[in-house]
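Mapping of the sequence shown onto this note's numbering: position 29 corresponds to residue 58, and the numbering continues sequentially without gaps.
Notes follow once the structure below has been shown.
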Amino acid sequence: EIGDAKNEFVPLDEVKANISALEDQIQKDNNTMQRSLQMWKTQSECLAQRDTIQRVVSEEQKKVDARKTEMWTMCNTAITHRELLQQVYAESCKDVVLGPSYQPPPGLSVNRGVQ
């Protein structure tokens with residue numbers, strides 16, 4: 030039995046080396062977990078920032094779309110006013126140049142614009 034007990038003993042240097050190796054592995058695992066936790070935090074922050082950016086972009090796009098609609102309406106109004114002014118100008122020009130009572134020769138007519 031004494032001989033068997035001696036075979037179970039591990040040299041002290043080997044025990045110290047095993048403890049040191051375990052401590053190193055624990056430190057590596059701890060560093061890995063810390064990096065993983067930091068990456069998770071960073072990812073969460075990035076996702077939150079992405080959501081905020083998407084919300085702001087969406088709100089700004091709505092403003093842009095509203096402004097485009099407003100500009101489209103203003104342009105249509107300006108075109109309509111321009112067309113009306115052209116008609117009024119054409120009518121006035123004919124009246125001034127030809128006289129309001131001018132009658133064109135047979136077969137011709139004075140264009141009075143869109144009625």
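Glycine included, every Cβ here is placed at the ideal spot set by N, Cα and C.
For residue 72, the secondary structure class from DSSP, reduced to helix, strand or coil, is helix. Residue 118 and residue 136 have their C-alpha atoms roughly 24 Å apart.
Taken through DSSP and simplified to helix, strand or coil, residue 125 comes out as helix. Taken through DSSP and simplified to helix, strand or coil, residue 39 comes out as coil. Note on geometry: alpha-carbon atoms of residue 76 and residue 82 lie some 10 Å from one another.
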